[in-house]
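In my numbering, the protein residues as written are 1231 to 1702. Every residue gets a Cβ at the ideal spot worked out from N, C-alpha and C, and that includes glycine. For reference, the structure is listed below as structure tokens.
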Amino acid sequence: HAFPHPPGRRRVVGDAFAKGTDPTTPVQNMLAVSRDLGPIYEMLALGRKFVFVAGVDLVGELCDDKRFVKTLAPGVHDLRMFVGDGLFTAHTDEPNWRLAHDLLVPAFAKPAMRRYHDVMVETTDELIDVWEEAASDGHRVDVSPWLTKLTLESIARAAFSHTFASFETEEVDPFVTTFVSSMSYAAGRSNLASIPLVGRHLVRRRDRRALERHRYIDDLLQRIVAERKAGGEQVDDLLGRMMDVPVDTAGTMLEAQNVRHQILTLLVAGHETTSGALSFALYHLTREPEVLARVRAELDEVLGTDPTATPTFEQVPKLRYLRRVVDETLRLWPTAPGFARSPRETTVIGADGGAGVPGGLAMTPQDSVLVFIPQLHRDPHVWPDPERFDPDRFLPEHNRARPAHAYKPFGTGERACIGRQFALHEAVIVLAKLLHRFDLTPEPDYRLTITERLTLMPVGFRVGLTRRWGPG
Ligand code: HEM
């Protein structure tokens, strides 16, 4: 079936590389043209067809785990060369997915955040020390890279009690640059692979090089596991859980290779998404003085006026308005912008005409569609004046009134984000502490610029820092 598609399609390369579009920003390109394309449309990229869905009703159908299942989008599928059957890249019917999921879910439940609270506070304090110095020297700081260091540190410490010593230098640890380039390589690999002959040859050569790079990462992970074993102590972190807790009553343990896949998965999935969200939140707060004033009023009420105050575990859920700021940020900028679904059995979606096809659209288990979250979150039927940044959309009475699947920043069902509570708890702590301490002044002519790797991230967002309570 042919669906609406973006204007300017070119015969060979398709829609993704239409004249005048920047091939490095597909999400923003789609967002710019998608408004006129309706709830379901297609995009051709180098001979391959992708079907996008963003209408609330169709997304609601796709989110039914009884009828549909997560499938790996092409960029995600290529990550398997590095993270194999780790939670994010596993197929739901691979036994290791269920085993690792059931083992780790309790460690990511809301009450378990008590265990990570101090790590999150400690890493935030380390960032604050760096920013304090910048404030004293009158230097601007580049927000996204610093927040990325912070989120990487907190997941590394929480997952395997490892530090990258991120705040000691401006440089990024080689482990991190290596896995970031591996992941970006894999994410872009599918484009290359679809160019016949030349593309395949290039991919093989580059795959080899990427795998060599990856060996360095795997060696480090093996060393971390070996050191933990040699230490002989049980450590209560995620690595400890995976190494010491059986996955069934027969005493079976997660396979050693799978443990390494999970550690790398948590590092990768756990940091850029969260730091992107934090950076977008700070960006919006510097643009919305009224919202910022309400955040500050709440902080002063809950934390008091000591600039070094830290929210306790119990205070985090009391910062309700700040939490709504995070929710609204992830509405406009869901930093993991899509997820893919396939039917378990041949079925029809949009039977009521919602797919713009009389009688609906038939899908077989070989078909897949991409839920395009940034557009879902701007559906004007559900989100009036969708471009406006308004945290009060997330007041409980509005949450109750919305269709169930209108807001999906963490994906859906059993394959939804395992780190959701971790990300939200961390986001509230970090924003609370930074905003309680500093006034942020962006460069006057800064316009929001977003890079796209697997995630969305503001770039070039630099702010001057002044202490809210004088130099003291
Ligand atoms: C899955 C978003 C933070 C670990 C997902 C999915 C989304 C998502 C949309 C589903 C992907 C799909 O269906 O293909 C986000 C966002 C975050 C965030 C927006 C921050 C604001 C985290 C953190 C961690 C994490 C902090 C780890 C500590 C994972 C894992 C999965 C996942 C392991 C795969 C779960 C499974 O399939 O069993 N995330 N995530 N994420 N996320 Fe997150």
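Practice task
Within the region 1603-1669, note down every full alpha helix (DSSP H) run reaching 4 residues or more, in order along the chain.
Solution key: The qualifying runs are 1603-1606, 1626-1631 and 1650-1667.
Handout entry: Nearest-angstrom Cα separation, counted from Val1351 out to Asp1448
Key = The alpha-carbon atoms of Asp1448 and Val1351 are separated by roughly 29 Å.
Handout entry: Residue range of the unbroken beta strand (DSSP E) whose run includes Met1687
Key = Start and end: Leu1686 to Val1689.
Practice task
Decide if Phe1390 is buried, meaning its Cβ has at least 16 other Cβ atoms within 10 Å, or exposed.
Solution key: Buried is the label assigned to Phe1390, since at least 16 other Cβ atoms lie within 10 Å of its Cβ.
Practice task
Go ahead and pull the three-state DSSP assignment for Gly1702.
Solution key: Caution applies to Gly1702, whose pLDDT of 45 falls short of 50 and renders its modelled position unreliable; the value that the coordinates give is listed next. Gly1702: coil per DSSP, three-state reduction.
Exercise for the section: Look at the alpha carbon of Val1525 and the alpha carbon of Arg1645, and state the distance between them as a whole number of angstroms. Expected result: Their Cα atoms are separated by approximately 32 Å.
Exercise for the section: Would you be able to state if there are at least three C-beta pairs under 8 Å between the region 1289-1300 and the region 1460-1467? Expected result: Between the region 1460-1467 and the region 1289-1300 there are fewer than three C-beta pairs closer than 8 Å, too few to call the two in contact.
Exercise for the section: Flag this pair as yes or no: are the beta carbons of Leu1334 and Gln1492 separated by less than 9 Å? Expected result: Their beta carbons are under 9 Å apart, which means Leu1334 touches Gln1492 by this criterion.
Exercise for the section: Leaving aside the five residues before and after Trp1563 along the sequence, list all residues of the same chain whose C-beta is less than 6 Å from its C-beta, in chain order. Expected result: Shown here for Trp1563: same chain residues with a beta carbon closer than 6 Å to its own, the five before and five after excluded, namely Phe1510 and Leu1686 in chain order.
Exercise for the section: From the DSSP output, in three-state form, read off Arg1692 for me. Expected result: Strand at Arg1692.
Exercise for the section: Give a single yes or no on whether His1501 has its beta carbon closer than 8 Å to a heavy atom of ligand 1. Expected result: His1501: yes, Cβ under 8 Å from ligand 1.
Handout entry: Which residues DSSP lists as bridging Thr1681, in chain order
Key = DSSP links Thr1681 through a beta bridge to Met1687.
Handout entry: For Val1283 and Ala1586, the rounded distance between their alpha carbons
Key = Checking the displayed sequence, the identity of residue 1586 turns out to be Gly instead of Ala. Their Cα atoms are separated by approximately 12 Å.
Problem - Cut-off 7 Å between Cβ atoms - residues of its own chain near Leu1678, not counting five sequence neighbours on either side - result: Counting only Cβ-Cβ distances below 7 Å, and skipping sequence neighbours, we find Tyr1513 and Pro1688.
Problem - Proximity of Val1555 and Pro1621 at Cβ, strictly below 9 Å - result: Yes; because the gap between Cβ atoms is below 9 Å, this pair is in contact.
Handout entry: Local conformation of Phe1282 per DSSP, three classes
Key = Three-state result, Phe1282: strand.
Handout entry: Neighbourhood of Thr1696 by C-beta distance below 8 Å, restricted to the same chain and skipping five residues each side
Key = Once the five neighbours on either side are set aside, the close Cβ partners of Thr1696 are Ala1365, Phe1668, Asp1669 and Thr1671.
Problem - Where Arg1370 falls: helix, strand or coil (DSSP) - result: Coil at Arg1370, not helix or strand.
Exercise for the section: List the residues that DSSP assigns as beta-bridge partners of Ala1570. Expected result: Looking at the DSSP assignment, Ala1570 forms a beta bridge with Thr1301 and Leu1600.
Problem - Thr1538 classed as buried or exposed, judged by whether at least 16 other C-beta atoms fall within 10 angstroms - result: Classification for Thr1538: exposed.
Problem - Three-state secondary structure (DSSP) of Thr1495 - result: In the structure shown, Thr1495 sits in a helix (DSSP, three-state: H, G or I).
Exercise for the section: Measure the alpha-carbon distance for Thr1482 versus Asp1615 and round it to whole angstroms. Expected result: Looking at the backbone, the Cα of Thr1482 and that of Asp1615 are separated by about 53 Å.
Handout entry: Proximity of Val1349 and Thr1495 at Cβ, strictly below 9 Å
Key = Contact: no.
Practice task
Tell me whether Lys1459 counts as near ligand 1, meaning its Cβ is closer than 8 Å to at least one heavy atom of that ligand.
Solution key: Incorrect: Lys1459 has no Cβ contact closer than 8 Å to ligand 1.
Handout entry: Ordered list of alpha helix (DSSP H) runs contained in the region 1431-1505, each at least 4 residues
Key = The region 1431-1505 is shown to contain whole alpha helix (DSSP H) runs of 4 or more residues at 1468-1474, in chain order.
Problem - Segments assigned alpha helix (DSSP H), at least 4 residues, entirely inside the region 1515-1600 - result: As far as the region 1515-1600 is concerned, its whole alpha helix (DSSP H) runs of at least 4 residues are 1519-1533 and 1550-1562.
Practice task
Can you tell me which of the three DSSP states Ala1275 falls into?
Solution key: DSSP, reduced to helix, strand and coil, places Ala1275 within a strand of the structure shown.
Exercise for the section: Since I believe Ala1636 is in contact with Leu1606 (beta carbons under 8 Å), could you give me their beta-carbon distance rounded to a whole number of angstroms? Expected result: Indeed, because the Cβ distance is near 7 Å, the residues count as touching under 8 Å.
Problem - Pro1234 - DSSP class collapsed to helix/strand/coil - result: Pro1234 falls in the coil class under three-state DSSP.
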